[in-house]
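Notes for the one structure printed next.
Protein chains in written order, with this note's numbering: chain A, 149 to 412; chain B, 282 to 611.
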C-alpha cells in the first residue's frame with residue numbers, strides 16, 4: 149500500500165496577516181510557517197496505512213527552500229521519502245497551475261492513495277485535490293473523516309462529512325482523498341524520528357525535471373490572478389451593555405437586537 | 282460563446298438552497314449590464330417542481346437534468362452532466378454555492394474544462410464585461426480581488442449569506458430545457474452505502490442565519506444544552522470554538538474558525554469564547570456579533586457589536602426567556 153501526501157507549508161493559524169502597502173501581497177517576514185493543519189491528517193493516515201499494509205509513504209511538497217523544514221517534520225513523523233518541487237516558475241500559481249505540476253510529479257511515483265488536506269489554511273481554495281484527481285483520471289472523495297481500505301487494496305470505504313450527517317462511500321482505488329479534522333490524531337515526531345529524518349531521501353525537482361513548459365505552471369499557467377490584497381473591513385468595538393445583572397442586561401440586549409440591529 | 286450567466290441551483294430535500302436564489306438575484310443584475318441572460322442548472326430526481334421558483338428570482342432558462350442516477354449527489358455523475366452542458370452552451374460565467382457539494386463539484390468541472398475558478402467568494406462583479414470576484418483568504422484575515430484569464434468560461438463559488446436576495450416576481454416563468462442524462466454505471470466510481478444523520482432540522486453552520494456558539498467558558502459538554510435551548514428559541518444553529526472541540530465537548534463539524542468552518546450569519550452569539558485570532562477569522566463577517574464573557578479583556582469584545590460582561594451561566598437562561606417572550610409577542 150503506497151500513499152503520497154501532498155503537503156503545503158502555510159503561515160501558522162495564530163499568525164496576524166499584514167498586507168503590503170501597495171496591496172501586492174502579504175508581508176511574510178515575521179510569519180511562522182508550519183505544515184497545513186489539514187495535511188497533517190493525511191500524513192498520519194498514510195503512516196497508519198503503511199503500518200497496516202506495508203508499502204511506503206511519500207510527501208510531495210511544492211515551494212522554495214523554506215518548505216524543507218515542513219517536509220522534515222513529515223519525515224520525522226515517519227514518512228519514508230519526499231519530493232520537493234522547487235522552481236521560480238512554479239511561484240504564484242493558482243490551484244489549477246499548482247495541481248498541474250503536482251500531477252506531473254505524481255506520474256513518477258507509486259501510489260494507491262493520494263492524500264490532500266481538504267483545503268490549505270492560507271488561500272482556502274479547497275480545489276487542488278479535486279483538480280489533481282481530474283488531471284490524473286482518478287476518482288476523489290473530499291472531506292474524509294474515516295478510512296477503511298479493503299484487504300485487496302482495490303477499494304476503500306470512507307466516511308465523509310456532509311451537511312447534517314455522515315455519508316459512507318465506497319471508492320475505487322487509486323483515488324485522491326481530501327482530509328478533514330476528525331480523521332485521526334496526528335502523531336508528534338519522536339526524537340529518534342527527527343534524527344532519522346535528516347537521512348531520508350529528499351528529491352528536489354525543478355521545471356525541467358518535470359518536463360513541463362513554463363507556460364503551463366505558476367503565474368503563467370494560472371486561470372485566475374489575484375489583482376489586489378486588502379485588509380478585512382475593520383469592525384469597531386461595540387457597546388458593552390451596562391446593568392445590574394442579567395435581569396437588566398438581557399432585556400436590553402434583546403431590545404437592541406430587535407430595534408437597532410433588526411436581526412431578530 | 283454566449284453572454285449567459287449560469288447558476289448551479291443546488292436542491293436538497295425538495296428545496297432550492299437559499300444561496301442559489303442569492304446568486305440568481307445577483308446574476309440578474311450582472312446580466313442586465315452584460316446584455317445577456319441568466320440560466321439555472323437544476324439536477325436531481327423529481328426536481329421539476331422546483332424549476333419555476335428559479336424563474337421568479339430571475340432565471341430566464343432552467344436546464345433541468347432530472348434522472349434517477351442524479352437522486353443523490355455523486356461527483357462523477359454531476360460533473361459529467363454539467364461539463365457536457367457547459368461545453369455545448371459555453372456560458373461566460375458559471376456560479377456555484379460554496380457549499381460542501383459546490384466545493385466538491387466546481388473544481389472537477391473547472392479542471393475538465395480548463396476554466397478558472399475562485400472559491401467561496403463574498404462578492405462578484407464585472408470589469409469590462411468579464412467576471413471579477415472578491416474572496417477572503419486566511420479565513421478572512423485578508424481579502425483579495427481576483428480576475429480571470431485564458432478560459433471561455435469563468436467560474437466562482439459564492440459564500441452563502443454573502444449576497445442579497447431580491448424579491449421574487451411570481452409572474453416570471455422560466456423556459457425549461459430538459460437535459461438528456463446519459464450516465465453509464467461505470468462512469469460513477471463512488472457508491473453511497475449509507476447516510477448517518479447527525480444533525481436535526483437545523484441549518485448547517487455555513488448557511489445558518491443565526492449561530493449560538495460556545496467556547497472554553499462553557500466548562501463542559503453538558504452545559505451546551507443551555508445553548509441548544511437558546512438556539513431552539515431563535516431557530517439558530519449551535520457552533521463551538523476550537524477549544525471546545527479539542528476538549529471533546531462538541532463534534533468537529535461544529536467548529537467555527539480557521540481550522541473549522543468560516544461562517545457569516547446575520548447574528549453570531551459567542552458564549553464563553555475569548556476570541557483567539559483563528560476563531561475571530563472564522564466569524565468576523567457575521568453581520569452582528571454578540572459576546573457574553575465574564576472576562577472584560579477578552580479579545581472577542583473588540584469584534585462584538587454588543588457585549589455583556591457577566592457569568593454566561595446566569596445570562597443565558599434569562600436571555601433565552603427574553604427571546605421566548607419576544608417570540609410569543611410577535
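The beta carbon of each residue, even a glycine, is placed where N, CA and C say it ideally should be.
Exclusion of the five residues before and after residue 346(A) leaves no residue of its chain whose Cβ lies closer than 6 angstroms to its Cβ.
Under the DSSP definition of a beta bridge, residue 395(B) lacks any partner. Proximity of chain A to residue 403(B) at the Cβ level (cut-off 7 angstroms) is not reached, the minimal Cβ distance being about 10 angstroms. Boundaries of the beta strand (DSSP E) harbouring residue 426(B): 423 to 429, taken from the DSSP string.
Under DSSP, the beta-bridge partners assigned to residue 536(B) are 521(B). In terms of beta-carbon proximity, residue 418(B) lines the interface with chain A, with at least one pair separated by less than 7 angstroms. For residue 383(A), at least one C-beta of chain B is nearer than 7 angstroms to its own C-beta. Counting only Cβ-Cβ distances below 7 angstroms, residue 271(A) has contacts in chain B at 418, in chain order. For residue 228(A), the closest alpha carbon among the candidates 205(A), 238(A), 342(A) and 240(A) is that of 205(A).
Below the 9 angstroms Cβ cutoff, chain B contributes 418, 423, 424, 425 and 426 as neighbours of residue 377(A), in chain order. Within chain A, not a single residue places a beta-carbon under 7 angstroms from that of residue 326(B); the smallest gap is close to 17 angstroms. Just so you know, the alpha carbons of residue 315(A) and residue 391(A) end up roughly 48 angstroms apart. Ranked by Cα distance from residue 345(B), the options 455(B), 467(B), 508(B) and 299(B) are led by 455(B).
Counting C-beta pairs with one atom in each stretch, the stretch 304 to 323 of chain A and the stretch 430 to 445 of chain B have fewer than three that are closer than 8 angstroms, which means they do not touch. When the five nearest sequence neighbours on each side are left out, the beta carbons in the same chain lying within less than 8 angstroms of the beta carbon of residue 446(B) are those of 299, 302, 303, 306 and 338, in order along the chain. No Cβ of chain A is located within less than 7 angstroms of the beta carbon of residue 497(B). Here residue 164(A) is exposed. Its C-beta has fewer than 16 other C-beta atoms within 10 Å. Its chain contains 521 and 525 as the residues whose beta carbon lies nearer than 6 angstroms to that of residue 531(B), once the 5 sequence neighbours on both sides are disregarded; these appear in chain order. Legend: CB atoms of the stretch 383 to 404 of chain A lying less than 8 angstroms from CB atoms of chain B belong to residues 383, 385, 386, 387, 388, 389, 393, 394, 395, 397, 398, 399, 401, 402 and 404. Just measuring C-alpha positions, the residue of 320(A), 298(A) and 274(A) sitting nearest residue 326(A) is 274(A). Residue 360(B): member of the alpha helix (DSSP H) spanning 356 to 370, first to last residue. For residue 476(B), no alpha helix (DSSP H) segment is defined; the enclosing uninterrupted segment is the beta strand (DSSP E) at 471 to 478. In the structure shown, the three-state DSSP call for residue 487(B) is coil. Residue state for residue 436(B) is assigned as strand, using DSSP reduced to three classes. Judged by DSSP secondary structure, residue 220(A) falls within the alpha helix (DSSP H) whose first and last residues are 215 to 225. Residues of the stretch 317 to 336 of chain A with a C-beta less than 8 angstroms from any C-beta of chain B: 317, 318, 319, 320, 323, 328, 329 and 330, listed in chain order.
At least one beta carbon of chain B lies nearer than 7 angstroms to the beta carbon of residue 373(A).
Counting only the Cα atoms, residue 409(A) lies some 17 angstroms from residue 489(B).
Approximately 20 angstroms separates the beta-carbon atoms of residue 573(B) and residue 558(B); this is outside 8 angstroms, ruling out the contact. Around residue 224(A), the same chain offers 337, 341, 342 and 345 as residues with beta carbons nearer than 7 angstroms, after the five sequence neighbours per side are excluded. Annotation: the continuous beta strand (DSSP E) that includes residue 309(A) extends over 303 to 310. Per DSSP, the continuous alpha helix (DSSP H) segment holding residue 334(B) begins and ends at 332 to 338. The way I'd put it, the stretch 575 to 587 of chain B does touch the stretch 545 to 560 of chain B; three or more beta-carbon pairs between them come closer than 8 angstroms. Contact between the stretch 243 to 253 of chain A and the stretch 359 to 370 of chain A is present: three or more C-beta pairs spanning the two stretches fall below 8 angstroms. With fewer than 16 other CB atoms across the displayed protein chains lying within 10 angstroms of its CB, residue 477(B) is exposed. For residue 365(B) and residue 267(A), the gap between their C-alpha atoms comes out near 27 angstroms.
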